[in-house]
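See structure below.
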Amino acid sequence: MVLLHGLGNDERDWRGVLPALAGRHRVYALDLRGHGRSDHPGRYSFELMRDDVIGFLDAVDVERCVVVGHSMGGTVAILLAEAAPHRLTHLILEDVMAPRPGDLDRPPLAWPDTPTPFDFAAVNAIRAQLDDPDPAWWERTEDVDVPTLVIGGGPDSQIPQHLLAEMVDRMADAALVTIPAGHDVHANRPGEFLAAVDAFLAARAVR
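For the sequence shown, the residue numbers in the working numbering are 113 to 319.
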């Protein structure tokens, strides 16, 4: 199982659910580029992060795995499922959908006055892609046949929940579970998050 965090976070963001997941799976919680202990190369995009994950899987000799992605990490996971579905057994997305032109308004943010624990250059690079995404990202969701669970955060999330449902309807083998916890479901309601993940994986045998 590979865990992919959201923008501005790092692998420590999963600490509330990691012990339980690690009791059932061999888990890799990654620091995506520009975050945590990973390099700050100054070049950031969803595609580069996707390719980093593929490179990691190759480096540790993992042919197929469960991929869990939250927010930015969820978009990376979607692109991974679209480009290399043979590397995934299951896809679990937390409060994220494939970006589609016109759905999200993410203008650039001013550079902060104080240092951040991650490379702030990643923020506006990622926001620019969310504001003007490649239309193919949404269009290719129809071709994703990896068993997929989408966990929505409900009405307190800043992500329009109807967009999650629209994406699930497009996918060949996908289910939507709503846990009213806001955008950070795994942090705010870890027990319910874990229960949803466990139930999904139990119901979908590895192919």
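Beta carbons are placed, not taken as given, at the ideal position from N, Cα and C, and that holds for glycine.
Note that the structure is a prediction, hence the values are computed from the model and not measured.
Euclidean distance between Cα positions of residue i and residue j
i, j, result
"L221", "D246", "21 Å"
"R319", "L261", "Its pLDDT being 49, under 50, R319 is placed unreliably in this model, and the coordinates cannot settle the point."
"G56", "G154", "The question about residue 56 has no answer here: the residues shown for the chain are numbered 113 through 319."
"W250", "R212", "6 Å"
"G266", "V208", "12 Å"
"H147", "A311", "31 Å"
"A237", "S183", "15 Å"
"A277", "T253", "12 Å"
"L275", "P229", "31 Å"
"T290", "P224", "34 Å"
"A166", "P197", "The amino acid at residue 166 is misidentified as Ala; the sequence shows Ile. If you take the alpha carbons of I166 and P197, they lie about 11 Å apart."
"L116", "F158", "12 Å"
"R282", "A240", "25 Å"
"D164", "G135", "26 Å"
"F232", "R149", "15 Å"
"D151", "A315", "38 Å"
"A317", "G214", "36 Å"
Cβ neighbour criterion (16 or more within 10 Å) applied to residue i
i, result
"R199", "buried"
"F305", "buried"
Residue of the options minimising C-alpha distance to residue i
i, options, result
"H202", "T290, E123 and V258", "V258"
"L313", "P224, D268 and D285", "D285"
"L119", "G128, L142, L276 and P302", "L142"
"P272", "T226, V172, G294 and I238", "G294"
"L130", "D164, E159, S157 and V180", "V180"
"R218", "D244, L205, D231 and T226", "D244"
Contacts around residue i, its chain only, beta-carbon distance under 6 Å, and the 5 residues preceding and following it disregarded
i, result
"I190", "A210"
"A193", "L200, L203, V256 and V258"
"V139", "M113 and L133"
"H320", "Residue 320 cannot be examined here, being either before or after the span of the chain that is shown, 113 to 319."
"L216", "L242"
"L144", "M161"
"A234", "G146 and Y156"
"A248", "none"
Closer than 7 Å: residue i CB and nearest the ligand HEM heavy atom
i, result
"R155", "Among the components modelled here there is no ligand, and therefore nothing to report on the ligand HEM."
Contact check, residue i vs residue j, beta carbons under 8 Å
i, j, result
"A287", "V280", "yes"
"P292", "G128", "no"
"E122", "A299", "Contrary to the premise, residue 122 reads as Asp rather than Glu in this sequence. No; because the gap between Cβ atoms is not below 8 Å, this pair is not in contact."
"I263", "A308", "yes"
Contacting residues, own chain, Cβ-Cβ under 8 Å from residue i (five flanking each side not counted)
i, result
"L169", "V114, E175, C177 and R199"
"V172", "Y140"
"T226", "none"
Residues near residue i in its chain [Cβ-Cβ closer than 7 Å; skip 5 each side]
i, result
"R162", "V188, L191, L192 and A195"
"S269", "D207, G294 and H295"
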